[in-house]
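**Student:** Quick one: this structure, given as structure tokens, is what I'll be asking you about.
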Ligand code: NI
Ligand code: NI
Ligand code: NI
Ligand code: NI
Ligand code: NI
Ligand code: NI
Ligand code: NI
Ligand code: NI
Ligand code: NI
Ligand code: NI
Ligand code: NI
Ligand code: NI
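Residue numbers (the working numbering), protein chains in the order written: chain A, 63 to 206; chain B, 63 to 206; chain C, 63 to 206; chain D, 63 to 206; chain E, 63 to 206; chain F, 63 to 206.
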């Protein structure tokens with residue numbers, strides 16, 4: 063993970079930097095509000111990436127933000143295995159991600175599919191989520 | 063109270079603006095972290111002031127920050143009456159603020175006095191606070 | 063709504079104050095992180111209450127926190143009408159709140175019921191929620 | 063301004079709601095992190111809008127989020143007058159917003175123009191901003 | 063320490079997860095507000111635990127939250143040695159934690175004892191704290 | 063980096079601690095808002111320092127704050143090389159920091175110089191920044 067603490071980059075510039083980092087292959091980008099010296103509201107930028115993308119992402123961070131130095135750390139990970147499958151809802155097909163870890167099983171409908179179905183059908187995002195999850199229930203898939 | 067939501071002012075500039083606003087008579091200035099559109103970390107600036115200082119403070123806000131418009135609202139207040147008196151501590155004299163409101167009484171040592179005493183005596187800020195509060199106890203002033 | 067900005071009350075004290083305010087009838091209590099002068103992380107306390115409870119809640123705020131003054135403001139409200147009914151889930155009965163506003167209808171299972179059912183059955187909170195919402199679907203209640 | 067405090071709406075849903083609110087004519091939408099009862103991280107949703115859009119936006123808020131009630135408040139405003147004009151930069155034309163308020167004059171390049179120019183030219187957003195602002199300097203427009 | 067960044071778990075669910083994690087032996091659980099992609103307010107969950115509890119706590123995180131992967135990191139610690147003793151206050155007995163580290167000594171009254179005494183005596187939490195700390199002063203324990 | 067999570071230190075005390083840590087050689091000090099158990103708003107204190115200053119800074123943290131234990135971690139760094147030079151602006155001389163990293167070059171005017179010039183000349187901080195940056199442009203230094 064790449065970290066930088068910023069007190070002189072604007073929100074507009076940070077929004078642009080996030081967009082560039084995601085396009086360039088960052089797995090995740092987030093901002094955390096930070097109180098810095100001299101009463102400055104700052105932001106901690108965190109970027110999660112494959113080691114092989116590190117140099118390319120550092121270039122974006124150094125070019126777009128005002129930071130003069132970043133910290134880079136590694137950590138162990140614990141991840142659930144995942145598989146995607148599709149369910150039919152009254153609002154159209156939605157892919158659902160099914161995740162496993164040592165007996166824990168859970169399912170979550172794909173955001174982009176739900177978003178499109180909700181806009182197309184004129185219903186709430188929540189209505190599509192519930193429909194998609196109800197399908198997985200009926201088909202008995204949460205009981206392993 | 064004057065409010066402005068900012069997504070393109072840097073932390074450095076906001077720290078400078080706070081300093082200017084306080085010098086110009088603002089009673090209180092604060093920042094709140096804000097999530098704004100296009101993934102921009104922003105800041106809500108809030109300034110509490112006497113009505114008569116409003117114009118002067120607006121000028122600082124418009125000059126120093128990027129905001130193009132602010133909102134101004136009024137509200138009722140409920141305040142405790144206050145009086146200052148001085149107590150002697152092992153670290154030197156410290157003023158203590160005593161506040162009343164319908165049977166509630168509380169005392170708080172003045173920050174700047176405690177800060178100076180702590181630096182002078184090489185003890186923690188907390189040690190000075192406790193000493194000052196202990197004086198008020200001994201003198202029986204929390205029981206009204 | 064009652065507001066106070068605090069820079070010298072501890073988190074422990076604020077947690078205690080929230081507990082006291084809720085016991086005394088506050089409808090809602092929240093904290094917002096705030097950047098205050100002299101590099102102080104502060105907290106904005108907000109309390110929503112019936113006008114008739116205001117005096118009692120002010121007393122708690124003045125007694126438990128360090129604030130010397132609060133602001134009080136009123137605002138218009140727009141609310142959904144609500145009714146509670148009960149559904150049966152594989153994890154036991156759960157009350158579901160059904161809310162209406164000009165054609166919008168939505169349902170949300172009661173947190174405390176779901177919490178108890180989840181603990182009793184040894185399943186996740188989410189599993190109980192989904193079960194309760196699935197019941198409302200089957201019974202056709204989201205379509206008005 | 064419309065306010066709602068939310069402790070059971072997901073970040074995904076809030077991102078979707080912001081998108082819908084902006085499409086439907088909200089002038090500004092923001093989120094503030096909130097600490098709510100029972101150790102719940104919540105979010106305060108704030109929407110600024112023309113009075114005439116209020117009903118339409120309330121419908122989105124009630125449909126997409128879990129809130130059962132919102133508060134609506136009005137406030138005075140102080141705004142700078144604005145005018146847009148275009149400057150030429152080495153990276154292409156950029157519109158610059160010029161704002162006035164009682165002797166204060168400031169200029170800010172339009173974000174979307176700078177973003178497009180930066181992407182097209184392969185330079186940083188900051189480089190385009192500086193170029194655009196330098197044009198306004200050379201032409202003497204900050205001195206009124 | 064176990065970290066997870068969440069953008070689709072509700073505050074209600076996070077409050078429940080914190081409760082479960084503490085019951086299962088987590089030494090500390092905290093949430094940090096996070097700005098995530100697509101304008102999503104998110105939360106970073108951090109859990110501090112004994113290595114031997116890691117598997118059990120991961121199961122709770124994977125079961126109760128929506129996360130599909132967490133990061134785990136270790137760090138050196140520097141800790142003060144502690145001892146508990148009891149003091150008598152006008153509001154009843156209160157245990158005080160006394161901590162040492164290379165010449166630094168400090169004392170802090172136990173929150174749960176103070177809370178109970180304050181509720182029983184009908185005084186503020188702060189009044190009990192001050193009383194307990196005043197006892198330690200009188201007995202000369204802050205001077206080593 | 064030294065980390066501590068605090069739920070019973072006041073904002074006033076934290077502002078004082080930041081001041082002491084910076085005087086004692088900390089390279090950077092920041093606070094992050096944290097949601098801790100029992101509904102407590104807390105603060106994560108982070109201190110970046112040379113390894114040789116660690117002991118001295120730990121003493122300040124243990125003396126001034128309520129923490130009983132901190133975590134210490136190391137990380138790789140990626141830094142830009144820097145050089146300072148001076149430019150002349152209509153508001154007086156300002157030093158500008160020029161930073162390099164593998165083809166990326168950027169310049170940022172020194173905050174303290176800009177602050178002093180702005181106060182002296184009665185113009186906005188932004189006006190001085192822009193002037194200083196315009197000088198670096200004219201002299202062609204951003205093109206390498
Ligand atoms: Ni990959
Ligand atoms: Ni998702
Ligand atoms: Ni006055
Ligand atoms: Ni104070
Ligand atoms: Ni009522
Ligand atoms: Ni709820
Ligand atoms: Ni309009
Ligand atoms: Ni802008
Ligand atoms: Ni242990
Ligand atoms: Ni404690
Ligand atoms: Ni050095
Ligand atoms: Ni700087």
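The beta carbon of each residue, even a glycine, is placed where N, CA and C say it ideally should be.
Can you list, in chain order, the residues of its chain with a C-beta nearer than 8 Å to that of residue 141(D)? Leave out the 5 residues immediately preceding and following it.
**Tutor:** Along the fourth chain, one-based indexing puts residue 141(D) at 79. If we look at residue 141(D) and ignore the five residues flanking it on each side, its Cβ neighbours are 163.
**Student:** Pick from 82(D), 193(D) and 86(D): whose alpha carbon is nearest that of residue 148(D)?
**Tutor:** Taking the fourth chain and counting its residues from 1, one reaches residue 148(D) at position 86. Nearest of 82(D), 193(D) and 86(D) to residue 148(D), Cα basis: 193(D).
**Student:** Would you call residue 103(E) buried or exposed, if buried means 16 or more other Cβ atoms sit within 10 Å of its Cβ?
**Tutor:** Translated into positions along the fifth chain, residue 103(E) becomes position 41. Residue 103(E) comes out buried.
**Student:** Can the beta-carbon of residue 65(A) be found less than 7 Å from the beta-carbon of residue 177(A)?
**Tutor:** In the first chain, counting from the first residue as 1, residue 65(A) sits at position 3. In the first chain, counting from the first residue as 1, residue 177(A) sits at position 115. Contact flag unset, no.
**Student:** Measuring only between beta-carbons, confirm whether residue 74(F) sits less than 7 Å from chain C.
**Tutor:** The residue given as residue 74(F) occupies position 12 in the sixth chain. Closer than 7 Å: yes.
**Student:** When the Cα of residue 90(A) is compared with those of 152(A), 79(A), 156(A) and 98(A), which residue comes out closest?
**Tutor:** Indexing the first chain from 1 puts residue 90(A) at position 28. Closest option to residue 90(A), Cα to Cα, is 79(A).
**Student:** In the structure shown, what three-state DSSP assignment does residue 98(A) receive?
**Tutor:** Start at 1 with the first residue of the first chain, and residue 98(A) comes out as number 36. Correct three-state label for residue 98(A): strand.
**Student:** Any C-beta of chain A sitting closer than 7 Å to the C-beta of residue 140(F)?
**Tutor:** Here residue 140(F) corresponds to residue number 78 of the sixth chain, with the count starting at 1. At least one chain A Cβ lies under 7 Å of residue 140(F).
**Student:** Determine the burial state of residue 152(E): buried for a count of at least 16 other Cβ atoms within 10 Å of its Cβ, exposed for fewer.
**Tutor:** Position 90 of the fifth chain holds residue 152(E). By the 10 Å Cβ count, residue 152(E) comes out exposed.
**Student:** Please compile the residues from chain E whose C-beta is within a distance smaller than 9 Å of the C-beta of residue 195(B).
**Tutor:** Within the second chain, residue 195(B) is the residue found at index 133, counting from 1. Near residue 195(B) (Cβ distances below 9 Å), the residues of chain E are 192, 195 and 196.
**Student:** Of all the beta strand (DSSP E) runs that stay within the bounds of the segment 123 to 194 of chain C, which reach a length of 3 or more residues?
**Tutor:** Listed in chain order, they are 131 to 134, 138 to 141, 143 to 151, 154 to 163 and 166 to 171.
**Student:** Can you tell which of 69(E), 185(E), 187(E) and 113(E) has its C-alpha closest to the C-alpha of residue 137(E)?
**Tutor:** Residue mapping note: residue 137(E) aligns to position 75 of the fifth chain, counting from 1. The shortest Cα separation from residue 137(E) among 69(E), 185(E), 187(E) and 113(E) belongs to 113(E).
**Student:** Less than 7 Å between the beta carbons of residue 68(D) and residue 129(D), yes or no?
**Tutor:** The residue you call residue 68(D) lines up with position 6 of the fourth chain. The residue you call residue 129(D) lines up with position 67 of the fourth chain. Yes, the pair counts as a contact, with Cβ atoms nearer than the cut-off.
**Student:** Between the segment 165 to 179 of chain D and the segment 113 to 127 of chain B, do three or more beta carbon pairs fall short of 8 Å?
**Tutor:** Touching, yes.
**Student:** Out of 173(D), 196(D) and 197(D), which has the shortest C-alpha to C-alpha gap to residue 72(A)?
**Tutor:** Locating residue 72(A) in the first chain gives position 10, where the first residue counts as 1. When each option's Cα is compared against that of residue 72(A), the closest is 173(D).
**Student:** Apart from the five residues just before and just after residue 116(B), which ones in its own chain have a Cβ nearer than 8 Å to its Cβ?
**Tutor:** Reading the second chain from its first residue, position 54 is the one you call residue 116(B). If we look at residue 116(B) and ignore the five residues flanking it on each side, its Cβ neighbours are 64 and 134.
**Student:** Would you say residue 173(B) faces chain E, with C-beta separation under 7 Å as the test?
**Tutor:** One-based indexing of the second chain puts residue 173(B) at position 111. So, not an interface residue.
**Student:** If the criterion is Cβ atoms closer than 7 Å, does the pair residue 189(B) and residue 154(B) meet it?
**Tutor:** The residue labelled residue 189(B) in the question sits at position 127 within the second chain. The residue labelled residue 154(B) in the question sits at position 92 within the second chain. Contact: no.
**Student:** According to DSSP, residue 241(A) sits in a beta bridge with which residue or residues?
**Tutor:** Only positions 63 to 206 of chain A appear in this structure, which leaves residue 241(A) out of reach.
**Student:** Tell me where the beta strand (DSSP E) around residue 112(B) begins and ends.
**Tutor:** As a working note, residue 112(B) is residue 50 in the second chain. Counting along the chain, residue 112(B) falls outside any beta strand (DSSP E), and DSSP gives it neither H nor E.
**Student:** Which residues of chain B have a Cβ atom closer than 7 Å to the Cβ of residue 143(C), listed in chain order?
**Tutor:** Taking the first residue of the third chain as 1, we reach residue 143(C) at position 81. Residues of chain B passing the Cβ test: none, with the nearest at roughly 29 Å.
**Student:** When the Cα atoms are used, what is the spatial distance from residue 119(E) to residue 146(E)?
**Tutor:** The count along the fifth chain starts at 1 and reaches residue 119(E) at position 57. The count along the fifth chain starts at 1 and reaches residue 146(E) at position 84. Going by the C-alpha atoms only, they are around 29 Å apart.
**Student:** State buried or exposed for residue 184(D), treating a residue as buried only when at least 16 other CB atoms are found within 10 Å of its CB.
**Tutor:** To locate residue 184(D), count along the fourth chain from 1; it is residue 122. Per the 10 Å Cβ criterion, exposed.
**Student:** If I follow the unbroken beta strand (DSSP E) through residue 68(D), where does it start and stop?
**Tutor:** Walking along the fourth chain from the start, residue 68(D) turns up at place 6. That run of the beta strand (DSSP E) goes 64 to 68.
**Student:** Return the CA-CA distance between residue 171(C) and residue 198(C), expressed in angstroms with no decimal places.
**Tutor:** The residue labelled residue 171(C) in the question sits at position 109 within the third chain. The residue labelled residue 198(C) in the question sits at position 136 within the third chain. Near 10 Å, if we compare the C-alpha coordinates of residue 198(C) and residue 171(C).
**Student:** Would you call the CB atoms of residue 131(A) and residue 157(F) closer than 7 Å?
**Tutor:** Position 69 of the first chain holds residue 131(A). Position 95 of the sixth chain holds residue 157(F). Cβ distance not < 7 Å, so residue 131(A) and residue 157(F) don't count as in contact.
**Student:** With a threshold of 7 Å between beta carbons, is residue 67(D) in contact with chain A?
**Tutor:** Residue numbering aside, residue 67(D) sits at position 5 when the fourth chain is read from its first letter. Chain A, which has no Cβ nearer than 7 Å to the Cβ of residue 67(D), makes this no.
**Student:** In chain B, what lies closer than 9 Å to residue 181(D) by C-beta?
**Tutor:** Within the fourth chain, residue 181(D) is the residue found at index 119, counting from 1. The premise fails here: residue 181(D) is roughly 14 Å from chain B at the closest Cβ pair, so nothing lies under 9 Å.
**Student:** Any residues in the segment 96 to 111 of chain F with a beta carbon nearer than 9 Å to a beta carbon of chain D? Which ones, in chain order?
**Tutor:** If the cut-off is 9 Å between Cβ atoms, the segment 96 to 111 of chain F has 97, 98, 99, 100, 101, 102 and 103 near chain D.
**Student:** Apart from the five residues just before and just after residue 106(E), which ones in its own chain have a Cβ nearer than 6 Å to its Cβ?
**Tutor:** In the fifth chain, the residue the question calls residue 106(E) occupies position 44. Answer for residue 106(E): 67, 94 and 96, listed in chain order.
**Student:** Would residue 80(C) count as contacting chain F if we go by Cβ distances under 7 Å?
**Tutor:** Here residue 80(C) is taken as the residue at index 18 of the third chain, counted from 1. So yes, residue 80(C) belongs to the interface.
**Student:** So with Cβ pairs under 7 Å, would you call residue 187(D) a contact of chain A?
**Tutor:** Along the fourth chain, read from residue 1 onward, the residue named residue 187(D) stands at position 125. Yes - at least one Cβ of chain A is within 7 Å of the one on residue 187(D).
**Student:** Consider the Cβ of residue 121(D): report whether some Cβ of chain A lies at a distance smaller than 7 Å.
**Tutor:** Residue 121(D) sits at position 59 when you count from the first residue of the fourth chain. No, residue 121(D) does not count as interfacial toward chain A.
**Student:** Taking just the CA atoms, how far does residue 100(A) sit from residue 121(D)?
**Tutor:** Counted from its first residue, the fourth chain places residue 121(D) at position 59. Counted from its first residue, the first chain places residue 100(A) at position 38. Each residue's alpha carbon lies about 43 Å from the other.
**Student:** In whole angstroms, what separates the C-alpha of residue 84(D) from that of residue 195(C)?
**Tutor:** The count along the fourth chain starts at 1 and reaches residue 84(D) at position 22. The count along the third chain starts at 1 and reaches residue 195(C) at position 133. C-alpha separation (whole angstroms): 29 Å.
**Student:** Give the single residue among 74(D), 191(D) and 108(D) whose Cα lies nearest to the Cα of residue 150(D).
**Tutor:** Counting from 1 along the fourth chain, the entry for residue 150(D) is found at position 88. Answer by Cα proximity: 191(D).
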